[in-house]
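K.L.:
What follows is a structure written as structure tokens; I'll ask about it next.
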Amino acid sequence: DIIDIDELIKKSNQLREREKEINKELKSINRSSKTANEETKYIISNIDTVWEYSTDHERKQLMNSIFTQIVIDTKEEYKRGTGKPREIIIVSAK
26 DIIDIDELIK KSNQLREREK EINKELKSIN RSSKTANEET KYIISNIDTV WEYSTDHERK
86 QLMNSIFTQI VIDTKEEYKR GTGKPREIII VSAK
């Protein structure tokens, strides 16, 4: 397909504008990512206090934001109907 010079100039200008928009978005994402990393570092460094005052739902969110996978086990085998919670061991975390 052949386009005339005016169309080429118009398309080039549109592409330059789009490039500027994309670069702005990338800068915004980089700033957001840096802020998220700083927040994560703060949470991890203050995990004892944060954990103490968090609800169960907030604790789950904390764990999901820090880890992608956690493998747990228990020290004892399951005994039906004992009503006692079992001690949990973290086998691995990523």
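The numbering of the sequence shown is this note's numbering, which starts it at 26 and goes up by one. All C-beta atoms, glycine included, are put in the ideal place defined by N, C-alpha and C.
#1: Provide the residue span of the alpha helix (DSSP H) that contains I28, from first to last.
#2: When DSSP labels each residue in this structure, what does T65 get in the three-state scheme?
#3: My assumption, with CB atoms under 8 Å, is that K119 sits in contact with Q94. Please give the rounded CB distance.
#4: I think I97 touches V116, with their Cβ atoms under 8 Å apart; what is that distance to the nearest whole Å?
#5: Given this structure, state the Cα-to-Cα distance separating E83 from V75, to the nearest angstrom.
#6: For S79, name the three-state secondary structure that DSSP assigns.
P.N.:
Judging by the given coordinates:
#1: It is not in any alpha helix (DSSP H) - I28 carries neither H nor E in the DSSP assignment.
#2: If DSSP states are grouped into helix, strand and coil, T65 belongs with the helices.
#3: Indeed, because the Cβ distance is near 5 Å, the residues count as touching under 8 Å.
#4: 6 Å between Cβ atoms; contact.
#5: Here the alpha carbons of V75 and E83 stand approximately 9 Å from one another.
#6: Coil.
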